[in-house]
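*Asks:*
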Amino acid sequence: MSELNLVLLGPPGSGKGTQGERLQEDLRLPYYATGDILRAAVREGTDLGNEAKEYMGRGDLVPDEVMVGLIAERVASAEAADGFILDGFPRTIAQAEALDAKLSELGRGLTAVLLIKVPDDEVIRRLSGRRICPNGHVFHMDFDPPKEEGVCDICGERLEIRDDDKPEVVRHRLGTYHDKTEPLVAYYEERGVLDRVDGQRAPDEVATRINALLATLRREEEL
Ligand code: AP5
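Counting from 4, one number per residue, gives the positions in the sequence shown under the working numbering.
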């Protein structure tokens, strides 16, 4: 396949980060997770972090113009010439239109948008047990526990609870998803690039399904 330009779409806690990490390893493509980029900026106290902090704490979206600038420069970078994996972007129709415009300016388009489907009650269950490290590696106390409690298996950093995983913020994030992000399902369906994945299965099974979908896309391109 000449290039692989992927978007991971789905509600909070659907497993975008979990699958994104695996895909990044398997495909050796740059992985741009907007939540991770913003959390790093908040930790470093940059202008971006200071602007984003309040929106994130409430479970609201950071303004489109900020997010579009962040991603446009990354998809146009040399490291993304063979493709990229986007997680958490786009999240609004305006962001999706800006991404389309940027890609078409580069003579490119999206290969696939993978919608990871998980119902709201499962989201709430998952986010109450999530732990992350400062480098964005994700665990779950019951479903995907680290080998040593409180320590990241991958980089050895301390695991933390995300500020926006408090139950009232999770409910607000879900509302924001249904209101602002879910319309992207129809947007990408109309453009023929949407593939649905059942996110309620175990992480390994979700990964197997995604790999099967990507293999089909490769075969179709070869025909
Ligand atoms: P972001 O960090 O992108 O949050 P999100 O989209 O709400 O998604 P999450 O990171 O909560 O969940 P996930 O789908 O990655 O699930 P995970 O793999 O961790 O964004 C945070 C904030 O930044 C936003 O609210 C907004 O303010 C701002 N922002 C970001 N992008 C923006 C944009 N484009 N525009 C404007 N604002 C933006 O899994 C969750 C848990 O479940 C983990 O514990 C995991 O171990 C477990 N798990 C995963 N898969 C499974 C499975 N199959 N079975 C059981 N457990 C599983």
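Heads up, the beta-carbon is just placed ideally off N, CA and C, and yes, glycines get one too.
Please list the terminal residues of the continuous alpha helix (DSSP H) segment that includes Arg61.
*Replies:* Translated into positions along the sequence shown, residue 61 becomes position 58. Segment 50–61, the alpha helix (DSSP H) holding Arg61.
*Asks:* Starting from the Cα of Gly91, find the closest Cα among Val45, Pro122, Leu73, Met144 and give me that residue.
*Replies:* Here the question's residue 91 lines up with position 88 in the sequence shown. Answer by Cα proximity: Leu73.
*Asks:* Since Pro15 contacts Leu177 with CB under 8 Å, what's their CB separation in whole angstroms?
*Replies:* Taking the sequence shown and counting its residues from 1, the one referred to as residue 15 is at position 12. Taking the sequence shown and counting its residues from 1, the one referred to as residue 177 is at position 174. With 8 Å as the limit, Pro15 and Leu177 qualify as a contact, their Cβ atoms being about 6 Å apart.
*Asks:* Just mark Asp39 as buried or exposed, buried being the case when its beta carbon has 16 or more other beta carbons within 10 Å.
*Replies:* Stepping through the sequence shown from its first residue, residue 39 is reached at position 36. Classification of Asp39: buried, given that the 10 Å Cβ count is 16 or more.
*Asks:* Does the structure place the region 172–186 close enough to the region 71–87 that three or more beta carbon pairs sit under 8 Å?
*Replies:* No, the region 71–87 does not touch the region 172–186.
*Asks:* Ordered along the chain, which non-local residues of its own chain (more than five positions away) have a Cβ less than 7 Å from that of Ala97?
*Replies:* Here residue 97 refers to the residue found at position 94 when the sequence shown is read from its first residue. Taken in chain order, the residues that qualify are Asp67.
*Asks:* What number of angstroms, rounded off, separates the C-alpha of Glu152 from the C-alpha of Val69?
*Replies:* As a first step, residue 152 must be located in the sequence shown, where it is residue number 149. As a first step, residue 69 must be located in the sequence shown, where it is residue number 66. Distance between the alpha carbons of Glu152 and Val69: 36 Å.
*Asks:* Ends of the alpha helix (DSSP H) at Val69?
*Replies:* Position 66 of the sequence shown, counting from 1, holds the residue named residue 69. Looking at the DSSP string, the run of the alpha helix (DSSP H) that includes Val69 is 67–78.
*Asks:* Within a Cβ cutoff of 7 Å, which residues of the same chain sit near Ala83, ignoring the five residues on either side of it in sequence?
*Replies:* The residue labelled residue 83 in the question sits at position 80 within the sequence shown. Only Pro33, Arg77 meet the Cβ criterion.
*Asks:* Can you tell me whether Asp201 is helix, strand or coil according to DSSP?
*Replies:* The residue you call residue 201 lines up with position 198 of the sequence shown. In this structure, Asp201 counts as strand in the three-state DSSP scheme.
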